[in-house]
Amino acid sequence: MNKPMKLVCYAFKNQQNELEAPFLEYLQKYAPVVNETASARTKRIKQIRNLQEHLKFLLENQGNYYLPPIVEPYHGRSVGILKVKEGHHLVRIAFVTQKPSEIVLLDAIDKPSLYEKFKKQQTDKMIQAFLDRAEFYRQTYLKQPFSLPLHLPD
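Numbering-wise, the numbering used here comes out as the position in the sequence shown, counting from 1, plus 1098.
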């Protein structure tokens, strides 16, 4: 019987010997805020649950890279991109599947859903930098696998 897959977050030690985990750092945007209004809290919780559901979908499908329109591979690379719609922007989560047991969450980014003409080039550069960073993280992880577990509530 196959061991169930688990979600882990890529991590590394920076030049100051401090632990960094890009995906976990991205999740900080969902942290509670002092004096948060009830509507802001409700919105934040809804966003967290939506993200959890997408990650559960990825787990249920064994980290498959070909589940359009929600999951697609990064063109020409071994990195998958999980797409999550969140309000007026799209969350992109880069991951790599290490069969048979792990889905490694590499990084995440908020992508504007609509390009404004004068911002398209800037947005394209931002996305390319994110994809290049995800590929670098994948290669680094394969050489020195270090990760932190990510537990989703049932």
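Just so you know, even glycine gets a beta-carbon here, dropped at the ideal spot from N, CA and C.
Computed from a predicted model, the values in this text were never measured in an experiment.
Which of the three DSSP states is assigned to residue i in this structure?
{"i": "Met1099", "result": "Annotation note: pLDDT 48 at Met1099 (below 50); position unreliable, coordinate value reported separately. Residue state, collapsed to three classes: coil."}
{"i": "Tyr1108", "result": "strand"}
{"i": "Glu1134", "result": "coil"}
{"i": "Lys1208", "result": "Residue identity differs from the one stated: residue 1208 is Asp in this sequence, not Lys. In this structure, Asp1208 counts as strand in the three-state DSSP scheme."}
{"i": "Ile1201", "result": "strand"}
{"i": "Leu1157", "result": "helix"}
{"i": "Glu1116", "result": "coil"}
{"i": "Leu1240", "result": "helix"}
Could you spell out where the beta strand (DSSP E) holding residue i opens and where it closes?
{"i": "His1187", "result": "His1187 to Gln1196"}
{"i": "Lys1181", "result": "Gly1178 to Glu1184"}
Could you check if residue i belongs to the surroundings of the ligand MG, using beta carbon to heavy atom distance under 7 Å?
{"i": "Gln1160", "result": "By its list of ligands, the structure shown contains no ligand whatsoever, and the ligand MG lies outside what it can speak to."}
Residue i lies in the alpha helix (DSSP H); which residues open and close that run?
{"i": "Leu1097", "result": "Absent from the model: residue 1097. The displayed extent of the chain is 1099 to 1252, so no value can be given."}
Under 6 Å Cβ to Cβ from residue i, same chain only, skipping five residues before and after it: list those, please.
{"i": "Gln1113", "result": "none"}
{"i": "Pro1247", "result": "Val1106"}
Who are residue i's beta bridge partners in DSSP?
{"i": "Leu1246", "result": "Cys1107"}
{"i": "Glu1170", "result": "Ile1179"}
{"i": "Leu1229", "result": "Answer by DSSP bridge pairing: none, since Leu1229 is not bridged."}
{"i": "Leu1149", "result": "Answer is none; Leu1149 lacks a bridge partner."}
Starting from the C-beta of residue i, find all residues in its chain whose C-beta is less than 7 Å away, skip the five residues before and the five after it, and write them out in chain order.
{"i": "Leu1165", "result": "Asn1159"}
{"i": "Ala1136", "result": "none"}
{"i": "Pro1047", "result": "Within the shown structure, residues of the chain are numbered from 1099 to 1252, placing residue 1047 beyond reach of any answer."}
{"i": "Ile1225", "result": "Lys1209"}
Suppose the cutoff is 8 Å on Cβ atoms and the five residues either side in sequence are ignored; what does the same chain contact list for residue i look like?
{"i": "Ala1170", "result": "A small fix is needed here, since residue 1170 is Glu in this sequence, not Ala. The residues are Tyr1163, Tyr1164, Gly1178, Ile1179 and Lys1181."}
{"i": "Pro1167", "result": "Lys1181"}
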